[in-house]
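With this note's numbering applied, the sequence shown covers 183 to 863. Backbone N, C-alpha and C define an ideal beta-carbon position, used for all residues, glycine too. Just so you know, these numbers come straight off a predicted model, no measurement behind them.
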Amino acid sequence: MGTESAHADALLRKFGGADPGLVLRVRSEDSIDSAQARSDGAALARRVAAQPGVAAVEAYWTSRSPAMRAHDGRSALIGVALKGDEAAQARAASRLVPRVTGRQGVLRVSPGGRVWGEIQAAELGVRDLVRAESVIAPVVFGCLVFAFGSWLAALFPLLVGALAVAGAWAFLRLLAGVMEVSAFSLNIATALGFGLAVDYALLVVTRFREEGARGLAVPDAAVEAARTAGRSVLVSAGVVALAFSALWVFPFPWLRSMAVAGIAVVLLAATASVVLLPALLAMLGSRIGHRRAASSPAWRRLARWVTRAPWPWAVCCAVLMTALVWPFGQAQWGFADERALPAGSAVREFTERLRTDFPAQPDRELIVVLDPVPHDRAVDDYARRISAVPGVVQVTAPAGRYHGGHRTAVVKTVPDGAKAVWLKASTGLDPQSTAAAHLVERLRELRAPGPRWVGGSPARHVDAKTALADGVPWAVLLMAATTLAALLLCTRSVLIPLKAVAMAALSLTASLGSMVYIFQEGHLRWLVGDFTTTGFLDMTIPPLMCAIAFALSLDYEVFLLARVKEHYDAGGDHREAIVEGISRTGRLITVAAGVFAISMAALASSAITTLKMMGVGLGVAVLVDATLVRGVLVPAFMQLTGRANWWAPAWVKRSARRGANGPQHGQDMVPEKSAEPSTAH
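Here's what the structure looks like:
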């Protein structure tokens, strides 16, 4: 990430002192210090060190560190530092663990640690995904049958969704070979790809049936659907891709990998919808029937009520949205730990046992790297001063162990020719606590005998929070700029793009407020499934969630506003244009949002809290945007602002006139054929 802790980690890997990504808990029926336990433990440590991919091993029997011995004297730890990046470490751990765990002489060995936890979480996520999709797909199919009135028409979006999922799986396998990929990327990319692919296919099939109702032959209707609705799909895919690109401002490899994966998945879904689907419709479209475009009576009535009395409706909706947003003011931020895994999982039990049975834990250690190496006396003095800092339990340095400003044990001196030296400061503090953050600051302010870098889990948490906070303004600026530019070109208006950004931000904040209410405060477990409340939200989730939800909000906004503008340009009656636009697109947007929300249920049903949070947050954001925002706030705002909605600088209007003969985006969605004169052609 370019942070101090990242530099410390890089130096540790370079000089063979990396953090133990894999931790082995060794249990003896008798004392861990018995002759047989010592012999078997030392032999086990040598076996582990000889395995491929292992950078360094620290075992209780060789270091004699009290922190690696359980309080009851019957368990001890072996810390294993692995070579390479996250993917290489995961591969090494997958090979190593089956060989060295289980019964080993008089010892019983169980695995844990950060790398093994990520492996287990990924495997659990895949199982959750397969189970959820087996339920979600039939539900989505039922919704599409209801929307289309034809089981064959409903199969086409499912086919496109399945192809997008298969492509997502293949692409992520390739991506993992060149960059770090999140353990949950498969779940998120699959749910996102399936949801977007079904939405895009829904638009294309709907347009195909409408063109057939106009009297076009099946092949011609397929071509027209690809030309018009396909353009809408490509616009949507471009918007989603631009939103994902904003994630690149965050200096986290796994988040950047999600940006790359998200862009690839959405482009894959769009390509299948505009290339493969029209070909299938040309071959089989005669069997799915045709349907004329029709407005929704319910959405028409709502639009008329809102535009007749925009202030009361806007105020009532604003009060409801405020209630959803309110909890966001109490948001606390952190990072997912073992509590994100379901209760009873082996890795979670391992970590909980580690916290209660041992004096110190690897994830509560601060590591200070000194490069170049100072002389022995300077290292000794520095270690003494670190051990005297409040919150530090013990310091382990090359020259010995220190506590309370004094050396309590002599280990060895700095070896001749050493290119770097590091000190481990054990703490009893939660690595995500405020006290741990203050301790990191104290150590970084402490005078050192030369250049030094403070790393370890508490330092990584501090640096990651700072990096995320620094990246948020740039990500918001990038998403807002692309949104404003896209809507300015689509609507030829200045006010509407500004309103769209504000509305999208409001629906996103409402979603984040619901996440605080549910996952931080622990409400509604009966609705979303059991999870462990940590008192904070995983702060890596909102950037990814906001990128997706913001793009979809813009997508729905374009579908609605383009239709409103079409009627406004045709007749000039501002209020009737609003009513007509909502009545013609409300049902389609609702179905698309509902299908996407159902797809997100695959994430929300996961036993992993991080995935559950992502699914619930996106589902709420999309449903709120498609109902309260699109159905009430947008028409109320447009009615109150009147003709000012359509003001634009002269240069924008000139470009609009030059492109007047081209297809209009709003006409791709719900065209009026036969029922009313159309301006589409």
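By the DSSP assignment, the alpha helix (DSSP H) with residue i in it spans what residues?
i: PRO320; result: 296-330
i: ALA383; result: 367-395
i: VAL442; result: 435-453
i: THR714; result: Looking at the DSSP string, THR714 is not in any alpha helix (DSSP H), and its letter there is neither H nor E.
i: LEU334; result: 333-357
Going straight from the alpha carbon of residue i to that of residue j, what length do you get?
i: THR823; j: LEU677; result: 9 Å
i: GLY799; j: ALA224; result: 49 Å
i: VAL596; j: ALA451; result: For VAL596, the pLDDT reaches just 48, beneath the cut-off of 50, and the residue's location in the model is therefore unreliable, although a value from the coordinates is still provided. Cα to Cα, VAL596 sits roughly 58 Å from ALA451.
i: VAL279; j: PRO293; result: 7 Å
i: ALA842; j: LEU734; result: The predicted position of ALA842 is uncertain, since its pLDDT is 44 and thus under 50; a value taken from the coordinates is nonetheless stated next. Distance between the alpha carbons of ALA842 and LEU734 is about 26 Å.
i: VAL308; j: THR453; result: 26 Å
i: TRP656; j: VAL422; result: 17 Å
i: TRP487; j: ALA619; result: 53 Å
i: GLU762; j: PHE426; result: 32 Å
i: GLU362; j: PRO435; result: 6 Å
i: PRO613; j: LEU548; result: 9 Å
i: ALA480; j: GLU739; result: 19 Å
i: ARG389; j: VAL806; result: 26 Å
i: SER468; j: PHE338; result: 13 Å
i: GLY632; j: VAL603; result: 12 Å
i: PRO401; j: MET465; result: 8 Å
i: THR714; j: ARG537; result: 17 Å
i: GLY444; j: ARG825; result: 38 Å
i: ARG483; j: ARG490; result: 11 Å
i: ALA217; j: GLU534; result: 29 Å
i: THR772; j: ALA232; result: 59 Å
i: LEU204; j: GLY235; result: 12 Å
Do residue j and residue i come within 8 Å of each other at the CB atom, strictly closer than that value?
i: ALA485; j: ILE760; result: yes
i: PHE323; j: LEU340; result: yes
i: VAL636; j: ALA190; result: yes
i: LEU666; j: VAL683; result: yes
i: ALA496; j: ALA803; result: no
i: VAL574; j: THR609; result: yes
i: LEU264; j: ALA237; result: yes
i: ARG711; j: SER787; result: Reading the sequence as shown, one finds Gly at residue 711 and not Arg. Yes, the pair counts as a contact, with Cβ atoms nearer than the cut-off.
Run the CB neighbour count on residue i, radius 10 Å, all protein chains shown included, and call it buried at 16 or more, exposed below.
i: ALA196; result: Note that residue 196 is Lys in the sequence shown here, rather than Ala. Flag for LYS196 reads exposed.
i: GLN512; result: exposed
i: ASP562; result: buried
i: LEU356; result: exposed
i: HIS749; result: buried
i: MET685; result: buried
i: GLN543; result: buried
i: HIS643; result: buried
i: ASP316; result: It should be pointed out that residue 316 corresponds to Ser in this sequence rather than to Asp. Per the 10 Å Cβ criterion, exposed.
i: SER221; result: exposed
i: VAL814; result: buried
i: GLU703; result: exposed
i: THR691; result: buried
i: PRO853; result: Low confidence applies to PRO853: its pLDDT is 37, below 50, so where it sits in the model is not reliable, and the reading given next is rough at best. Under this definition PRO853 is a buried residue.
Let me check understanding here. Comparing Cα to Cα, which of the options lies closest to residue i?
i: VAL387; options: ARG626, LEU458, GLY266, VAL806; result: LEU458
i: ARG413; options: SER455, ALA686, ALA358; result: SER455
i: ALA329; options: ALA775, ALA783, ARG825; result: ALA775
i: TRP829; options: SER276, VAL317, LEU680, ALA270; result: LEU680
i: TYR242; options: LEU669, PHE819, ILE214; result: ILE214
i: LEU719; options: THR648, PHE517, VAL740; result: PHE517
i: VAL347; options: GLU362, TRP333, LEU334, ALA371; result: ALA371
i: LEU660; options: PHE432, LEU193, ARG642; result: PHE432
i: LEU289; options: HIS253, TRP351, ALA219; result: ALA219
i: ALA808; options: ARG825, LEU326, SER689, ARG281; result: SER689
i: ALA408; options: ALA319, LEU463, LEU378; result: LEU463
i: ARG769; options: PHE540, SER477, VAL529; result: SER477
i: GLU211; options: ARG256, VAL622, ALA231; result: ARG256
i: LEU194; options: ARG209, GLY266, ASP539, ALA258; result: GLY266
i: SER675; options: PRO831, SER332, ALA579; result: PRO831
i: SER527; options: TRP298, SER639, VAL777, ALA784; result: TRP298
i: GLU627; options: LEU502, ARG567, LEU742; result: ARG567
Which residues bound the beta strand (DSSP E) around residue i?
i: THR578; result: 574-579
i: GLN286; result: 284-286
i: GLU584; result: With the sequence shown as reference, residue 584 is identified as Tyr, and Glu is not the correct amino acid for it. Segment 582-585, the beta strand (DSSP E) holding TYR584.
i: ILE260; result: 257-264
i: ILE700; result: No beta strand (DSSP E) holds ILE700; DSSP gives it neither H nor E.
i: HIS588; result: 588-592
i: ARG209; result: 204-210
i: GLU520; result: Element bounds for GLU520: n/a, residue is neither H nor E.
i: LEU502; result: LEU502 -> not in any beta strand (DSSP E); alpha helix (DSSP H) instead, spanning 492-507.
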